[in-house]
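Chemist: In the order they appear, the protein sequences are chains U and Z.
Using my numbering, read the first sequence as starting at 1 and increasing by one per residue.
Using my numbering, read the second sequence as starting at 663 and increasing by one per residue.
Quick reminder that beta carbons are idealized off the backbone N, C-alpha and C, glycines included.
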Amino acid sequence: MIPELGHLALIFALILATAQAAMPLAGSLTGNRPWMTMARPLAYGQFVFVAIAFVALVEAFLISDFSVLYVAQHSNTLLPDIYKVSAVWGGHEGSLLLWALMMSGWGAAVSAFSRNLPLPVVARVLSVMGMVAIGFFLFMLLTSNPFERLFPVPPEGRDLNPLLQDFGLAIHPPMLYMGYVGFSVAFAFAIAALIGGKLDAAWARWSRPWTTVAWVFLTIGIALGSWWAYYELGWGGWWFWDPVENASLMPWLVGTALIHSLAVTEKRAAFKSWTVLLAISAFSLSLLGTFLVRSGVLTSVHAFATDPERGLFILIFLCIVIGGSLALYAWRAPEVSEGGRFDLLSRESALLLNNLLFVAFTVLVLFGTLAPLIYEAFDLGKISVGFPWFNKMFLALAPFLALLLGIGPATRWKSDQPSRLTKQLWLAFALSIGVLTLTSMSAVSGDDLWVPIGIALAAWLLFSHLLIVRDRLKHKQQGWRQAMVADFSGNGRSFYGMVVAHLGVAMFIVGVTMVSNHQIEKDLRMSPGDSHEMAGYRFEFLGAQKVNGPNYRADQGHFLVYRGERQIAELFPEKRSYLGGGMPMTEAAIDAGFFRDVYVSLGEAVGGGDWALRLYYKPYVRWIWLGAALMALGGAIAVSDRRYRIARARSTAPAGAVGAKA
Amino acid sequence: MPPLLKKDPLIKMSPVIKSLALGALLLLGSGSLSAYTLEEFQFDSPEQQTEFRELIAKLRCLVCQNESLAGSQAELAQDLRNEVYRMMRAGQSQDEILDFLVERYGDFVLYDPPLKPSTYLLWFGPFVLIGIAGFVVVRTILAKKRATDEPISASEQERLQALLDNSTDSPSSGPRST
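Here you go:
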């Protein structure tokens, strides 16, 4: 009964979405106010019905209702409750439902936080979101219904993929989807602006916080995925350039370009049509990513054929969304003015170069991901494109981005002088050259030139941003500390958010550089009582024993890790066999630290109590995810900037007192 | 990597086919991601072990979703690892081993595609696209230098001001506004 209610709720949501797509838009074009005011209630209603459907599916998982096909395929009575909930998005149908839930959630949020927007804009934005939602509801109802029944009812479910039975992966997809779907708001704003023909600085200011929030979620989602892969897959890597990973990286790269380009559009009313194009691309790539991954096309073009119904729907949907929005763009964009002039050396130029580099990265990822398909499709032979190709390509461009990143935020809008810029930044440059010299002479570098380069670039970012902060505070009357506090509680948050995010990049660079060049990996066979020394740590193997988990049996190794004479960690890596079947899983045991991880992963029992196992020493690996966390934090700080909260103040305070010239 | 995002291929199949397919999947090892260790291979020196590890990391497990020889538990990966190990012990160089594998399995086995006429598209294609984009950017910047100044129109100004309270940030005064 409850699954049918969920199914019915989805159908209602589709009906509401259809109304939401049509009425407010029609109203905004004909000036029919009552129709426009329907946008908000319809968006709320859609959210409520999707939420009902979602709760119905969660309920089916919690009570292990195996008469629902999807539940039978992805759950099991032995599964702990928390993973019963995360199993809801453990497969295709459920993750689509999660997508839809978030999509309508963003729609409801736009309705709630758009009091200061002109009604026609709200109406159009919500209409566009309604249109995208229609596509998802139809896809679910026609090809991927999570509420499909199964008869006869099996006594036990098939269990969730053991890899997914992990906290990191339980929250990774929701975060990622929040990001993907969040770009639908930026997309909707862009399309609405194109429809209305009002593409201006105000539009940029409205869509900027939404875009940044989506970007923050996507950043967190990708970092969580990387972190999860690191500790769960037992191979010690943090990024493999797998098509699935690339699919999430592309919207992030374009989204990063977008949040920078929006800054120019908001401040200088320039790059307008370019910004719109980025907004369209960011969401299109989100869709493309989700669907490419979902349809299995990425593994091989032939996978499309295994499920032609879904594949065809996806293809048509993508064509409508991407083709339609690009057509609209081609029609409207030429009418858009391109804003003011700027000099060769200016913030605008720097941000344009930033955009060029991020688009270049996106092109690389897209090209590398699709190249095997292109080769296969055109009969050019079967090739593999893996980490060596991506690493080489990215390393060819990344240093330029880092160099530019130290200069860009120091430049003035519109026009800047080389002499002024040099005066502001020479110290940072000199210091990082010093760092470069020191690291290339010291043992840190090993024999690889990339280590000093990476460290020096990170130092360059740190020093130049410190100088940029100093420059900002220099002109204030108070001492620097009061100035900073005042600035922060005033309207400086977006500035400090930027600084924090950019320092996150520096941290990320250090992490990647160090772990790529200085990690140590050892394959060993150890008997109980054996010790092994690696990177100054001594690993003592005490033996392995059998342990039982809620839905698995495991061999659990017991290790003591010593630094000198001092025991610093006790590690219990496991090798698990899940009762639901499948291959045995490795649960690596990690002693995490700010400057290094030590990591033990259990291989095979090789007889006589001996185990084959792997030890890793991973210097600075945490900096990769901490860097990403700083980037996300920076985004969050920027969004809390006063000028985005003015809407609320405005509605209560009388008009007037407008200080900004922008 | 997250297999969560892989499509479940077993949907909409009869139970018999399902169990067959599941069996096939297990055989192919596409769900296998447990650690594999090199312990069974003996080397003369740590350098040789490192070389071996780096070599098998660059080779693709031909029957897996997207796993290297180093990471895969599939039977074929096991065989190939043994093969590479045997060739290495027989004193063959990396290049000889790679040539042999490519001859047998094609370029598909290499994660690092070699530079040759058929892969020019792969290696230079992106840079051609990026070059075009760069050209457009440079042209834009040069054109902007000569453009007339029309920063924000009066109506935009009005709309923006409607959004602003007593915010004091000003765009033309440098890096403080971002």
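#1: Can residue 224 of chain U and residue 168 of chain U be called in contact, C-beta distance under 7 Å?
#2: Quick one: which chain Z residues come within Cβ less than 9 Å of residue 383 of chain U?
#3: 7 Å is my cut-off, CB to CB: does residue 795 of chain Z come that close to chain U?
#4: Since residue 619 of chain U is in the alpha helix (DSSP H), which residue starts that stretch and which ends it?
#5: Between U:603, U:640, U:324, U:594, which has its C-alpha nearest residue 619 of chain U's C-alpha?
#6: Measuring straight from C-alpha to C-alpha, what distance separates residue 283 of chain U and residue 291 of chain U?
#7: So which residues of chain Z does residue 8 of chain U contact, with C-beta pairs closer than 8 Å?
#8: Does residue 725 of chain Z come within less than 7 Å of chain U when only Cβ atoms are used?
#9: Suppose you measure from the CA of residue 509 of chain U to the CA of residue 399 of chain U; what does that come to, to the nearest Å?
#10: Which of the residues in the segment 798–809 of chain Z, read from start to end, lie with their CB under 8 Å from any CB of chain U?
#11: Quick check: residue 638 of chain U and residue 212 of chain U, are their CB atoms within less than 7 Å of each other?
#12: Thinking just about the alpha-carbon of each residue, which of U:596, U:572, U:502, U:597 is nearest to the one in residue 587 of chain U?
#13: Within 7 Å of any Cβ in chain U, is that where the Cβ of residue 718 of chain Z sits?
#14: Can residue 271 of chain U and residue 154 of chain U be called in contact, C-beta distance under 7 Å?
#15: Should the segment 314–322 of chain U be called in touch with the segment 337–345 of chain U, which here means at least 3 C-beta pairs below 8 Å?
#16: Are residue 664 of chain U and residue 601 of chain U touching if we call contact CB-CB under 7 Å?
#17: Run through DSSP, which three-state label would residue 704 of chain Z get?
#18: For residue 791 of chain Z, decide whether its Cβ has a neighbour in chain U, counting only Cβ atoms nearer than 7 Å.
#19: Mind checking residue 1 of chain U: buried by the 16 CB within 10 Å criterion, or exposed?
#20: Any residues in the segment 579–603 of chain U with a beta carbon nearer than 9 Å to a beta carbon of chain Z? Which ones, in chain order?
#21: Give the DSSP-derived three-state secondary structure of residue 158 of chain U in the structure shown.
#22: Give the DSSP-derived three-state secondary structure of residue 488 of chain U in the structure shown.
#23: Please decide whether residue 695 of chain Z counts as near chain U, where near means a Cβ-Cβ distance under 7 Å.
#24: If contact means a Cβ-Cβ distance below 9 Å, which residues of the segment 751–766 of chain Z contact chain U?
#25: Applying a beta-carbon distance threshold of less than 8 Å, which residues of chain U neighbour residue 735 of chain Z?
#26: Check residue 23 of chain U in the structure and name its three-state DSSP category.
#27: Is the CB-CB distance between residue 452 of chain U and residue 462 of chain U below 7 Å?
#28: Determine the contact status of residue 538 of chain U and residue 562 of chain U, defining contact as a CB-CB distance below 7 Å.
#29: Restricting to Cα atoms, I'd like to know which of U:72, U:31, U:202, U:14 is closest to residue 129 of chain U.
#30: Can you give me the Cβ contacts of residue 101 of chain U inside the same chain, cut-off strictly under 7 Å, excluding the 5 residues immediately before and after it?
#31: Helix, strand or coil, according to DSSP, for residue 731 of chain Z in the structure here?
#32: Sort U:627, U:386, U:548, U:560 by Cα distance to residue 769 of chain Z and report the nearest one.
#33: Decide if residue 603 of chain U is buried, meaning its Cβ has at least 16 other Cβ atoms within 10 Å, or exposed.
#34: Near residue 302 of chain U, which residues of its chain fall below 7 Å by C-beta distance, leaving aside the five closest residues on each side in sequence?
#35: Please report the distance separating the alpha-carbon of residue 795 of chain Z from that of residue 336 of chain U.
#36: Is residue 548 of chain U buried or exposed, if buried means 16 or more other CB atoms sit within 10 Å of its CB?
Modeler: The answer reads as follows:
#1: Along the first sequence, read from residue 1 onward, the residue named residue 224 of chain U stands at position 224. Along the first sequence, read from residue 1 onward, the residue named residue 168 of chain U stands at position 168. In this structure, residue 168 of chain U lies closer than 7 Å to residue 224 of chain U by Cβ.
#2: The sequence position of residue 383 of chain U within the first sequence is 383, counting from 1. Within chain Z, the residues whose beta carbon sits less than 9 Å from that of residue 383 of chain U are 768, 769, 770, 772, 775, 780, 781, 784, listed in sequence order.
#3: For this step, residue 795 of chain Z is matched to residue 133 along the second sequence. Residue 795 of chain Z counts as touching chain U.
#4: In the first sequence, residue 619 of chain U corresponds to position 619, counting from 1. Run containing residue 619 of chain U: none in the alpha helix (DSSP H); it sits in the beta strand (DSSP E), 611–619.
#5: Your numbering for residue 619 of chain U matches position 619 in the first sequence. Nearest option by C-alpha distance: U:594.
#6: Here residue 283 of chain U refers to the residue found at position 283 of the first sequence. Here residue 291 of chain U refers to the residue found at position 291 of the first sequence. Whole-angstrom Cα-Cα distance: 12 Å.
#7: Stepping through the first sequence from its first residue, residue 8 of chain U is reached at position 8. Per Cβ cutoff of 8 Å: no residues; residue 8 of chain U is ~22 Å from chain Z at best.
#8: Reading the second sequence from its first residue, position 63 is the one you call residue 725 of chain Z. It does not; no Cβ of chain U falls within 7 Å.
#9: As a position in the first sequence, residue 509 of chain U is number 509, starting the count at 1. As a position in the first sequence, residue 399 of chain U is number 399, starting the count at 1. Between residue 509 of chain U and residue 399 of chain U, the C-alpha separation is close to 10 Å.
#10: 799, 802, 803, 804, 806, 807, 808, 809
#11: Counting from one through the first sequence, the residue named residue 638 of chain U turns up at place 638. Counting from one through the first sequence, the residue named residue 212 of chain U turns up at place 212. Cβ atoms of residue 638 of chain U and residue 212 of chain U: closer than 7 Å.
#12: Indexing the first sequence from 1 puts residue 587 of chain U at position 587. Of the listed residues, the one whose Cα sits closest to residue 587 of chain U is U:572.
#13: For the purposes of this step, residue 718 of chain Z is taken as the residue at position 56 of the second sequence. It does not: the Cβ of residue 718 of chain Z has no partner Cβ on chain U nearer than 7 Å.
#14: On the first sequence, position 271 is the one that residue 271 of chain U refers to. On the first sequence, position 154 is the one that residue 154 of chain U refers to. Against a cut-off of 7 Å, the Cβ pair of residue 154 of chain U and residue 271 of chain U comes out as no contact.
#15: no
#16: Within the shown structure, residues of chain U are numbered from 1 to 662, placing residue 664 of chain U beyond reach of any answer.
#17: Along the second sequence, read from residue 1 onward, the residue named residue 704 of chain Z stands at position 42. Coil, per DSSP.
#18: Here residue 791 of chain Z corresponds to residue number 129 of the second sequence, with the count starting at 1. By this cut-off, residue 791 of chain Z is an interface position.
#19: Sequence index remark: in the first sequence, residue 1 of chain U carries index 1 (1-based). Exposed, by the Cβ-count rule.
#20: Residues 581, 582, 583, 584, 585, 586, 588, 601, 602, 603.
#21: The count along the first sequence starts at 1 and reaches residue 158 of chain U at position 158. Residue 158 of chain U: coil per DSSP, three-state reduction.
#22: Here residue 488 of chain U refers to the residue found at position 488 when the first sequence is read from its first residue. Helix, per DSSP.
#23: Walking along the second sequence from the start, residue 695 of chain Z turns up at place 33. In this prediction, residue 695 of chain Z has a pLDDT of 39, which is less than 50 and means its spatial position is unreliable; what the coordinates show is noted afterwards. Yes, residue 695 of chain Z lies at the interface with chain U (some Cβ there is under 7 Å from its Cβ).
#24: none
#25: One-based indexing of the second sequence puts residue 735 of chain Z at position 73. The answer, in chain order, is 583.
#26: For this step, residue 23 of chain U is matched to residue 23 along the first sequence. If DSSP states are grouped into helix, strand and coil, residue 23 of chain U belongs with the helices.
#27: Translated into the one-based positions of the first sequence, residue 452 of chain U becomes position 452. Translated into the one-based positions of the first sequence, residue 462 of chain U becomes position 462. Between residue 452 of chain U and residue 462 of chain U, the C-beta spacing is not below 7 Å.
#28: In the first sequence, counting from the first residue as 1, residue 538 of chain U sits at position 538. In the first sequence, counting from the first residue as 1, residue 562 of chain U sits at position 562. Yes, the pair counts as a contact, with Cβ atoms nearer than the cut-off.
#29: On the first sequence, position 129 is the one that residue 129 of chain U refers to. Of the listed residues, the one whose Cα sits closest to residue 129 of chain U is U:14.
#30: Along the first sequence, read from residue 1 onward, the residue named residue 101 of chain U stands at position 101. The residues are 50, 51, 54.
#31: As a first step, residue 731 of chain Z must be located in the second sequence, where it is residue number 69. Coil.
#32: Translated into positions along the second sequence, residue 769 of chain Z becomes position 107. Looking at the Cα atoms, U:386 is the closest of the given residues.
#33: What you label residue 603 of chain U is simply residue 603 of the first sequence in a count that begins at 1. That one is buried.
#34: By one-based count along the first sequence, residue 302 of chain U stands at place 302. Note that residue 302 of chain U has pLDDT 49, beneath the 50 cutoff, so the model's placement of it is unreliable and the number below is only indicative. Nothing meets the Cβ criterion.
#35: Residue mapping note: residue 795 of chain Z aligns to position 133 of the second sequence, counting from 1. Residue mapping note: residue 336 of chain U aligns to position 336 of the first sequence, counting from 1. Taking the straight line from one Cα to the other gives about 21 Å.
#36: As a first step, residue 548 of chain U is located in the first sequence; it is residue number 548 there, counting from the start. Label assigned to residue 548 of chain U: exposed.
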